[in-house]
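Asks: Numbered per my numbering, the sequence shown spans residues 1 to 427.
Structure provided below as structure tokens; questions to follow.
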Amino acid sequence: MAELRKVAIVGSARIPFARGNSAYVEETNLSMLGTVLAGLADKYGLKGEKIDEVVAGAVIGHSRDFNLAREATLDAGYSPRTPGTTMQIACGTSLQAALVLAAKIASGEIDSGIAAGSDTVSDSPIVFGNKFQHRLLEVNKARSTGEKFKAFKGFSFGELTPVAPSVNEPRTGLSMGQHCELMAREWGITREAQDALAVASHRNAAKAYDEGFHDDLLVPCAGLVRDNNVRADANIEKMATLKPAFDKTSGNGTLTAGNSTPLTDGASAVLLASEEWAKARGLPILAYLTTGRVAGNDFAHGEGLLMAPTIAVSEMLARAGLSFADIDYFELHEAFAAQVLSTLKAWEDADYCKTVLGRDTVLGPVDPAKINVKGSSLAYGHPFAATGARILGLTAKLLSTEPGKRALISVCTAGGQGVTAIVESAA
């Protein structure tokens, strides 16, 4: 079998992330993804060029979004010979896309690929209930005016009540926030610890902006030039005034709008390639994507909806022959502060590591100074399918100026899954 090739991360682009129903109320998944892909093409001189494959997706989609990845690629001005594949694995979509492309690049199947994601809650699909939908289908099939009128026999205006997209898990009926409240109680995660992590995320993100870290990562969109959720003035006192968002009645709720990610619109993309492809075009190699892992857990029977990354990380490190001592940076997606803190606690718990992860010794602890040093989702926001590519692009840039370093990426997802990866410095 041929030796596997290195997978280079050439660079990334993203539009600024915006809180739902703010800057991007007129945008769609297609327009945002097209803007990002066009920005990536401009950045690396790829307009009119053929990329071997674009893999992208969205979690909240419309039926009109026919092969989102392909259509956005065409809109962005790449060669029409560039194929596009649309995929979805909730919040891990664009990181999973990167892992799929990386495997193809490593094996020699392709030489270049773009992993991307886009999501908007401001353009959520609103549908009617089954009864009215069936009436409309009957109208569509009707061959005469009489048949069309017949389809509305017994109609009531209550049938026009729209059905908004559900955020609840279909197997439990609970929202992600409600599940995370259960995790916080199981692991003894305090409100104070959650608020402190959220404040640190905002401050690290604001500092990254002040240092110019994001200057070449962002593509302006709809007049927005930076994320509108980052709060440089975030502090514990303000966080403490917020009321529980998911458990409002028991008096024990700890998750708030401040220590949970807001509903967010945005898109991001990462360009991956073989070393030969990048060098032939005079393009940089910021870092290497070396391995990854996807895992699931039995969340419907008490394992914790957002705890699957603990399993994915453990399996990935075991396969790579690595431990936490070999990791210089931890990029942990902050769906909720409680999720990150529960994960960190689990990695230090001997019983959990043995019974769930199958380890004789604990994985942790993790030095807090190594976690999300440029801020993460609590500050930037979380457009579901776009988050993985945002983190991967940020991580590659972080490592591009730090020789000999290694970073671990972990993203929790709906449905009790986790997507993880290892990124290493190019020098």
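Even glycine gets a Cβ: it sits at the ideal position worked out from N, Cα and C.
In this text the structure is predicted, and so the values were computed from the model without any measurement.
Between M183 and L357, which are expected to be in contact by the criterion C-beta below 8 Å, what is the C-beta distance as a whole number of angstroms?
Replies: Counted from its first residue, the sequence shown places residue 183 at position 183. Counted from its first residue, the sequence shown places residue 357 at position 357. Not really, about 16 Å apart at Cβ, beyond 8 Å.
Asks: Determine contact between the segment 272-291 and the segment 410-426, defined as no fewer than three beta-carbon pairs at a distance below 8 Å.
Replies: Cβ pair count under 8 Å is three or more, so yes.
Asks: Look at the alpha carbon of T291 and the alpha carbon of A421, and state the distance between them as a whole number of angstroms.
Replies: The residue given as residue 291 occupies position 291 in the sequence shown. The residue given as residue 421 occupies position 421 in the sequence shown. Those two C-alpha atoms are separated by around 6 Å.
Asks: Thinking just about the alpha-carbon of each residue, which of E192, A106 and F17 is nearest to the one in E275?
Replies: Indexing the sequence shown from 1 puts residue 275 at position 275. Nearest option by C-alpha distance: A106.
Asks: Please identify the residue among G404, H382 and L399 whose C-alpha is closest to the C-alpha of V411.
Replies: For this step, residue 411 is matched to residue 411 along the sequence shown. Comparing Cα positions, the closest option is H382.
Asks: If V366 sits next to F330, beta carbons under 8 Å apart, how far is it from one beta carbon to the other, in whole angstroms?
Replies: Counting from 1 along the sequence shown, the entry for residue 366 is found at position 366. Counting from 1 along the sequence shown, the entry for residue 330 is found at position 330. The pair is a contact, with the Cβ atoms about 6 Å apart (cut-off 8 Å).
Asks: Using a Cβ-Cβ cut-off of 7 Å (strictly less than) and excluding sequence neighbours within five positions of L33, which residues of its own chain qualify?
Replies: Stepping through the sequence shown from its first residue, residue 33 is reached at position 33. A56, L68, A72, A116, S118 and A267, listed in sequence order.
Asks: Indicate the three-state DSSP secondary structure (helix, strand or coil) for P309 in the structure shown.
Replies: One-based indexing of the sequence shown puts residue 309 at position 309. Three-state result, P309: helix.
Asks: Tell me whether the beta-carbon of D265 lies closer than 8 Å to the beta-carbon of V121.
Replies: Taking the sequence shown and counting its residues from 1, one reaches residue 265 at position 265. Taking the sequence shown and counting its residues from 1, one reaches residue 121 at position 121. A contact, by the Cβ cut-off of 8 Å.
Asks: Is G375 closer than 8 Å to V428 when the C-beta atoms are compared?
Replies: This structure gives no information on residue 428, because the portion of the chain shown stretches from 1 to 427.
Asks: Closest to F246 by C-alpha separation, out of L344, Q178, G20 and H134, would be which residue?
Replies: Residue numbering aside, residue 246 sits at position 246 when the sequence shown is read from its first letter. Considering only alpha carbons, the answer is Q178.
Asks: Who does A151 pair with in a DSSP beta bridge?
Replies: One-based indexing of the sequence shown puts residue 151 at position 151. None; A151 has no bridge partner.
Asks: Exposed or buried, H301, counting other C-beta atoms within 10 Å across all chains shown (16 or more means buried)?
Replies: One-based indexing of the sequence shown puts residue 301 at position 301. Per the 10 Å Cβ criterion, exposed.
Asks: Here's the rule: buried if 16 or more other CB atoms are within 10 angstroms of the residue's CB, otherwise exposed. What is A350?
Replies: Stepping through the sequence shown from its first residue, residue 350 is reached at position 350. Label assigned to A350: exposed.
Asks: Closer than 8 Å by C-beta to L160: which residues in its own chain qualify, once you throw out the five before and the five after it? Chain order, please.
Replies: Taking the sequence shown and counting its residues from 1, one reaches residue 160 at position 160. Correct list, in chain order: F128 and F132.
Asks: Where C180 and G188 are concerned, what is the direct C-alpha to C-alpha distance, given to the nearest angstrom?
Replies: Along the sequence shown, one-based indexing puts residue 180 at 180. Along the sequence shown, one-based indexing puts residue 188 at 188. Those two C-alpha atoms are separated by around 12 Å.
Asks: Based on Cα-Cα distance, which residue from G415, I110 and R281 lies nearest to L4?
Replies: For the purposes of this step, residue 4 is identified with residue 4 of the sequence shown, where counting begins at 1. Out of G415, I110 and R281, I110 has the C-alpha closest to the C-alpha of L4.
Asks: For the beta strand (DSSP E) that contains T290, what are its first and last residues?
Replies: Residue numbering aside, residue 290 sits at position 290 when the sequence shown is read from its first letter. A287 to G296 is the extent of the beta strand (DSSP E) around T290.
Asks: Here's the rule: buried if 16 or more other CB atoms are within 10 angstroms of the residue's CB, otherwise exposed. What is S94?
Replies: Within the sequence shown, numbered from 1, the residue matching residue 94 stands at position 94. It counts as buried.
Asks: Tell me whether H134 is buried or exposed, calling it buried when 16 or more other Cβ atoms sit within 10 Å of its Cβ.
Replies: As a first step, residue 134 must be located in the sequence shown, where it is residue number 134. Classification for H134: exposed.
Asks: Answer with buried or exposed for D210, where buried requires no fewer than 16 other C-beta atoms within 10 angstroms of its C-beta.
Replies: Along the sequence shown, read from residue 1 onward, the residue named residue 210 stands at position 210. Exposed: under 16 other Cβ atoms inside 10 Å.
Asks: Starting from the Cα of A18, find the closest Cα among L398, C221, W347 and I89 and give me that residue.
Replies: For the purposes of this step, residue 18 is taken as residue 18 along the sequence shown, with counting starting at 1. Of the listed residues, the one whose Cα sits closest to A18 is C221.
Asks: For R406, is the classification buried or exposed, using 16 other Cβ atoms within 10 angstroms of its Cβ as the cut-off for buried?
Replies: Stepping through the sequence shown from its first residue, residue 406 is reached at position 406. Classification for R406: buried.
Asks: In whole angstroms, give me the CA-to-CA distance for V225 and A38.
Replies: Residue mapping note: residue 225 aligns to position 225 of the sequence shown, counting from 1. Residue mapping note: residue 38 aligns to position 38 of the sequence shown, counting from 1. Cα to Cα, V225 sits roughly 16 Å from A38.
Asks: What does the alpha-carbon distance come out to for the pair E315 and L399?
Replies: Translated into positions along the sequence shown, residue 315 becomes position 315. Translated into positions along the sequence shown, residue 399 becomes position 399. Each residue's alpha carbon lies about 23 Å from the other.
Asks: Pop quiz: I60 and A269 are said to be a contact at Cβ under 8 Å. What is the actual Cβ separation, rounded to whole angstroms?
Replies: Counting from 1 along the sequence shown, the entry for residue 60 is found at position 60. Counting from 1 along the sequence shown, the entry for residue 269 is found at position 269. Not a contact, Cβ separation roughly 18 Å.
Asks: How big is the Cα-Cα spacing for L255 and S377?
Replies: Indexing the sequence shown from 1 puts residue 255 at position 255. Indexing the sequence shown from 1 puts residue 377 at position 377. When rounded, the distance between both Cα atoms is 15 Å.
Asks: Round the Cβ separation of Y44 and G11 to the nearest angstrom and send it over; I've been treating them as touching at under 8 Å.
Replies: As a position in the sequence shown, residue 44 is number 44, starting the count at 1. As a position in the sequence shown, residue 11 is number 11, starting the count at 1. Confirmed, about 6 Å.
Asks: Note down, in chain order, each residue of its chain lying with its Cβ closer than 7 Å to the Cβ of G212, except the 5 sequence neighbours on either side.
Replies: Numbered from 1 along the sequence shown, position 212 holds the residue referred to as residue 212. Excluding residues within five positions, none has a Cβ falling inside 7 Å.
Asks: Are V167 and A379 closer than 8 Å when you measure CB to CB?
Replies: Reading the sequence shown from its first residue, position 167 is the one you call residue 167. Reading the sequence shown from its first residue, position 379 is the one you call residue 379. Not a contact, by the Cβ cut-off of 8 Å.
Asks: What separation, rounded to the nearest whole angstrom, lies between the Cα atoms of G108 and K150?
Replies: Mapped onto the sequence shown, residue 108 falls at position 108. Mapped onto the sequence shown, residue 150 falls at position 150. Cα to Cα, G108 sits roughly 60 Å from K150.
Asks: Could you give the DSSP three-state label for E424: helix, strand or coil?
Replies: For the purposes of this step, residue 424 is taken as residue 424 along the sequence shown, with counting starting at 1. The answer is strand: DSSP assigns E424 an E or B state.
Asks: For I236, count neighbouring C-beta atoms within 10 Å of its own C-beta (all shown protein chains included) and say buried if the count is 16 or more, exposed if not.
Replies: The residue given as residue 236 occupies position 236 in the sequence shown. When all chains shown are included, I236 counts as exposed.
Asks: Looking only at DSSP bridge pairs, what is R19 linked to?
Replies: Residue numbering aside, residue 19 sits at position 19 when the sequence shown is read from its first letter. DSSP output for R19 lists T264 as bridge partner(s).
Asks: Report the option in K50, D123 and A346 whose CA atom is closest to the CA atom of E27.
Replies: On the sequence shown, position 27 is the one that residue 27 refers to. Nearest option by C-alpha distance: D123.
Asks: Within this structure, are the beta carbons of T310 and C91 separated by less than 8 Å?
Replies: As a working note, residue 310 is residue 310 in the sequence shown. As a working note, residue 91 is residue 91 in the sequence shown. No, the pair does not count as a contact, with Cβ atoms beyond the cut-off.
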